[in-house]
Amino acid sequence: MIVCNMNFHIITLFPEMFEGVFERSLIKRAREKGIININLIQLRDFAIDRHGTVDDKPYGGGVGMLLIAKPIFDAVRSVYPSAGNPSEKSTNKRVILLSPRGEKLSQEKVKKLSKLSEIILICGRYEGVDDRVHSLCDEEISIGDYVLSGGEIPAMVLVDSVSRLIKGVLIKEEALKTESFTNGVIEFPQYTRPENFEGMKVPEILLSGDHKKIEDWKKEQARKLTKDKRPDLL
Ligand SMILES: C[S@@+](CC[C@H](N)C(=O)[O-])C[C@H]1O[C@@H](n2cnc3c(N)ncnc32)[C@H](O)[C@@H]1O
Numbered sequence: 000m001i002v003c004n005m006n007f008h009i010i011t012l013f014p015e016m017f018e019g020v021f022e023r024s025l026i027k028r029a030r031e032k033g034i035i036n037i038n039l040i041q042l043r044d045f046a047i048d049r050h051g052t053v054d055d056k057p058y059g060g061g062v063g064m065l066l067i068a069k070p071i072f073d074a075v076r077s078v079y080p081s082a083g084n085p086s087e088k089s090t091n092k093r094v095i096l097l098s099p100r101g102e103k104l105s106q107e108k109v110k111k112l113s114k115l116s117e118i119i120l121i122c123g124r125y126e127g128v129d130d131r132v133h134s135l136c137d138e139e140i141s142i143g144d145y146v147l148s149g150g151e152i153p154a155m156v157l158v159d160s161v162s163r164l165i166k167g168v169l170i171k172e173e174a175l176k177t178e179s180f181t182n183g184v185i186e187f188p189q190y191t192r193p194e195n196f197e198g199m200k201v202p203e204i205l206l207s208g209d210h211k212k213i214e215d216w217k218k219e220q221a222r223k224l225t226k227d228k229r230p231d232l233l
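Each step along the sequence shown adds one to the number in numbering that gives the first Met the number 0, with nothing skipped, and position 138 is 137.
This is the structure in structure tokens:
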């Protein structure tokens, strides 16, 4: 029997943005098998009036609009009624606001998130969210030091990177053992056919059939490549 290992709830004004990404390849298969569940929540369903209002001008002036706190609180509480209540904090559920000021997403963080059973993601838009939304969140996560137009792409990045660590999602889970950032290094170089492409040959050792030597070569190449491309990891 397959058990659902992760429930993602994504609160967004643009649920249709997720269709292409979550209806292909690994994520599609994991959803079909019931290993992960993705629940897209339209923030406008929690608007403050019948005109569908979810944003307003910032106090003190400023350019642009902010997402109002109440629709976000109501949307989060529709799936997690005790959210924001410290005395009823769940250890396996997490409310996360995607935000440029959050902790930068890393493979280590992705691994920790993959151990949870429920993740509620809030996608900001426009100038962001009313600051009181932070009281509802367990944490804020950024995907890098640049500003995107909304939290949807960061949410896709988080769901994809977390999902592939969940048991049953990858067909060949041993691939995770040597993947970049897993052992503090980036992955070794890899080649496929042909053996000679425009004069560039596949390293002979990979054609030797000597598994011990090939494993040693891969480790050595991973170290070398890391030193060259990402010395900050060493
Ligand atoms: C245009 S941004 C708001 C930027 C905000 N005014 C600022 O200067 O920090 C709108 C929304 O996109 C999302 N966002 C933008 N950049 C992001 C990043 N690097 N990581 C995660 N979320 C991001 C957040 O949800 C944010 O509320």
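Even for Gly, the Cβ is constructed at its ideal location relative to N, Cα and C.
task: Could you please give the first and the last residue of the uninterrupted beta strand (DSSP E) stretch that includes R93?
output: K92 to K103
message: Whole angstroms are fine: how far does the CA of I10 sit from the CA of G127?
response: 14 Å
- prompt: In this structure, does DSSP put L39 in helix, strand or coil?
  reply: strand
query: Is I142 near ligand 1, judged by its Cβ being under 7 Å from some heavy atom?
result: yes
message: In whole angstroms, give me the CA-to-CA distance for V2 and I37.
response: 14 Å
- request: Identify the continuous beta strand (DSSP E) that holds H237 and give its terminal residues.
  value: No answer is possible for residue 237: it lies beyond the span of the chain, which begins at 0 and ends at 233.
- prompt: Does at least one heavy atom of ligand 1 sit under 7 Å from the Cβ of S105?
  reply: no
- prompt: Cα separation between L65 and E151?
  reply: 16 Å
query: Nearest to A221 by CA position, among L205, E203, T191 and N182, is which residue?
result: N182
Local Cβ density within 10 Å of G33, reported as buried at 16 or more and exposed below that: exposed
- prompt: Using DSSP with H/G/I as helix, E/B as strand and the rest coil, what is E138?
  reply: strand
- request: For R93, I'd like the list of residues in its chain whose CB is within less than 8 Å of its CB, leaving aside the five on either flank, ordered along the chain.
  value: L112, L115, E117, I118, I119, D137 and E138
- prompt: Which class does K217 belong to by DSSP, given the choice of helix, strand or coil?
  reply: helix
- prompt: Within this structure, are the beta carbons of E102 and K108 separated by less than 8 Å?
  reply: yes
message: Starting from I152, trace the alpha helix (DSSP H) in both directions and tell me its first and last residue.
response: E151 to S162
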